[in-house]
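Asker: Encoded as structure tokens, here's the structure I'll be asking about.
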Amino acid sequence: MTASEQPSFLRALPEVLLISILTAGAYWLAFLYEAGYLSRFDLPMHLVEVSLQRTLIVALSLSTGIWVLFSVINFVSMNWPKHPAIQQKVFRICVMLLFPFWHLLNYGFRPQDWIIYLIPLGAIVIGELLLPLLVFLIKGGSLRERFIADEISETPHLDRTIYARIFVAFGRGAYGLFLFFIIGSLLSYSAGKAKAETQKEYFVFADTPNVAVVRIYHDMIIAIPFDQRTKVIQPQIIIRKIGTEKVTLTLDREVGPLKNQKTIKNN
Numbered sequence: 202m203t204a205s206e207q208p209s210f211l212r213a214l215p216e217v218l219l220i221s222i223l224t225a226g227a228y229w230l231a232f233l234y235e236a237g238y239l240s241r242f243d244l245p246m247h248l249v250e251v252s253l254q255r256t257l258i259v260a261l262s263l264s265t266g267i268w269v270l271f272s273v274i275n276f277v278s279m280n281w282p283k284h285p286a287i288q289q290k291v292f293r294i295c296v297m298l299l300f301p302f303w304h305l306l307n308y309g310f311r312p313q314d315w316i317i318y319l320i321p322l323g324a325i326v327i328g329e330l331l332l333p334l335l336v337f338l339i340k341g342g343s344l345r346e347r348f349i350a351d352e353i354s355e356t357p358h359l360d361r362t363i364y365a366r367i368f369v370a371f372g373r374g375a376y377g378l379f380l381f382f383i384i385g386s387l388l389s390y391s392a393g394k395a396k397a398e399t400q401k402e403y404f405v406f407a408d409t410p411n412v413a414v415v416r417i418y419h420d421m422i423i424a425i426p427f428d429q430r431t432k433v434i435q436p437q438i439i440i441r442k443i444g445t446e447k448v449t450l451t452l453d454r455e456v457g458p459l460k461n462q463k464t465i466k467n468n
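Residues in the sequence shown are numbered from 202 upward in steps of one, following our numbering.
As structure tokens, then:
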């Protein structure tokens, strides 16, 4: 089936329904960001409240980041190798590097994160470099020819995957939207969790400086007590309703990063 013959699922949708899907997707990404943030403090997901402002910030930041990263990946894969098969391999390798690169952007370089970088690099070296060389060792040929032969041999199997079936059934636009929300969900949750792990500035209650405000929603303040010496959070949640009592907050720039007891035990 050629590109012109493929069905356009998005064009067949009513405009109102398409806008509703995109809006729900944006709220979903914002919810995952908030859920990832609260999970760092062992707070349940049902406390999450998603506002329009938060949704716009998360959706715009995430979509801009994904667009920039994929633009760079696409530019590299389309301009460096000339053969289409090698272009597919380079694009796939770059996508595999997307997640450790995103982790690096959120956390910075930390020695304890070596396993996060080692796993995708090992998968790339073994799956994308060593296996083609070993499988096509008998047939011989140059390194480039072996990579091309490996990509050509994998094409029939790739057509059977769920992603290929979605592409054929719904078209390029729906396929791209599907991948965006799948990848965006993972990146959004990890970004929220990373923000909580690296945040240093917190509002604290003026009368209890050992209680850090985690989130301020439209009708409540969520806070957690912590040890000021070790910066370890305590297994307790403090919720104050806005408007029922007078609350004075002060900004403390040296509170965080706060530590989770479970994380300390695992380390």
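Beta carbons are placed, not taken as given, at the ideal position from N, Cα and C, and that holds for glycine.
According to DSSP, simplified to helix, strand and coil, what is T224?
Answerer: If you number the sequence shown from 1, residue 224 lands on position 23. Helix, per DSSP.
Asker: So is the beta-carbon of A413 under 7 Å away from any non-hydrogen atom of the ligand FAD?
Answerer: No copy of the ligand FAD appears in this structure; indeed no ligand is present at all.
Asker: Looking only at its chain, what residues have a beta carbon closer than 7 Å to the beta carbon of S205, apart from the 5 residues adjacent to it on each side?
Answerer: Here residue 205 is taken as the residue at index 4 of the sequence shown, counted from 1. A caution first: S205 carries a pLDDT of 48, below 50, which makes its placement in the model too unreliable to give a value.
Asker: Check whether the Cβ atoms of I425 and I440 sit closer than 8 Å, and answer yes or no.
Answerer: Counting from 1 along the sequence shown, the entry for residue 425 is found at position 224. Counting from 1 along the sequence shown, the entry for residue 440 is found at position 239. It is not a contact, given that the beta carbons lie outside the stated cut-off.
Asker: Where L452 and F406 are concerned, what is the direct C-alpha to C-alpha distance, given to the nearest angstrom?
Answerer: Stepping through the sequence shown from its first residue, residue 452 is reached at position 251. Stepping through the sequence shown from its first residue, residue 406 is reached at position 205. One Cα belongs to L452, the other to F406, and the distance between them is close to 9 Å.
Asker: Pick from D408, R430, K442 and S389: whose alpha carbon is nearest that of F300?
Answerer: Residue 300 sits at position 99 when you count from the first residue of the sequence shown. Nearest Cα to F300 within the set D408, R430, K442 and S389: S389.
Asker: Keeping to the same chain, check which residues put their C-beta closer than 7 Å to that of Y403; ignore five residues upstream and five downstream.
Answerer: Numbered from its first residue, the sequence shown carries residue 403 at position 202. The answer, listed in chain order, is A413, V414, D453, V456 and G457.
Asker: What number of angstroms, rounded off, separates the C-alpha of D351 from the C-alpha of D420?
Answerer: Here residue 351 is taken as the residue at index 150 of the sequence shown, counted from 1. Here residue 420 is taken as the residue at index 219 of the sequence shown, counted from 1. Whole-angstrom Cα-Cα distance: 58 Å.
Asker: Give the straight-line distance between the Cα atoms of L387 and S240, rounded to the nearest whole angstrom.
Answerer: Numbered from 1 along the sequence shown, position 186 holds the residue referred to as residue 387. Numbered from 1 along the sequence shown, position 39 holds the residue referred to as residue 240. Distance between the alpha carbons of L387 and S240 is about 14 Å.
Asker: Based on DSSP bridge pairs, tell me the residues matched to D497.
Answerer: Here the chain has residues from 202 to 468 only, and residue 497 is not among them.
Asker: Look at the alpha carbon of K401 and the alpha carbon of L459, and state the distance between them as a whole number of angstroms.
Answerer: Position 200 of the sequence shown, counted from the first residue, corresponds to residue 401. Position 258 of the sequence shown, counted from the first residue, corresponds to residue 459. When rounded, the distance between both Cα atoms is 8 Å.
Asker: Can you list, in chain order, the stretches of the beta strand (DSSP E) that have 3 or more residues and sit fully within the segment 371-433?
Answerer: 403-406, 412-417 and 421-426
Asker: Do Y234 and G393 come within 8 Å of each other at the CB atom, strictly closer than that value?
Answerer: Translated into positions along the sequence shown, residue 393 becomes position 192. Translated into positions along the sequence shown, residue 234 becomes position 33. A contact, by the Cβ cut-off of 8 Å.
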